[in-house]
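Per UniProt numbering, residue 1 is the first one in the sequence shown, and the count goes up by one each step. Ideal Cβ placement from N, Cα and C applies to all residues, glycine included.
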Amino acid sequence: MMSSAQGVPGLSSEDLGLFNLSSQTRRSQTARGQLATRSARWTARVPDLSNQTARDNISSRSDQFQLAVHLFGGPFNPT
C-alpha cells in the first residue's frame, strides 16, 4: 500500500524528499548563476593591465587628477 504525502495520491514520502532535493539544487544553481553574473560585472570594471591602452588611460587619468588638484587645491595639495 502506497502512503499519501501531503494529500497527493501516488507520491510516497521518498518521492517528496527527492522533489525537495531537486528544488534546493535548482535554487543553489540559480544563486551560483547570479553570483557569477555579479562577479563578471565587477571584473569587467577592473582594467586589464596587460593591455597597453588600459595602462595609458590609467596614467592619463592619474595625470588629470594631479593637474586638477594642483589647479584647484585640495586636501592633497602640499602648499
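Assigned exposure category for residue i - 16 Cβ within 10 Å defines buried
{"i": "D63", "result": "exposed"}
{"i": "L67", "result": "exposed"}
{"i": "G73", "result": "exposed"}
Nonlocal neighbours in the same chain, by C-beta distance under 8 Å from residue i, ignoring five residues either side
{"i": "F65", "result": "none"}
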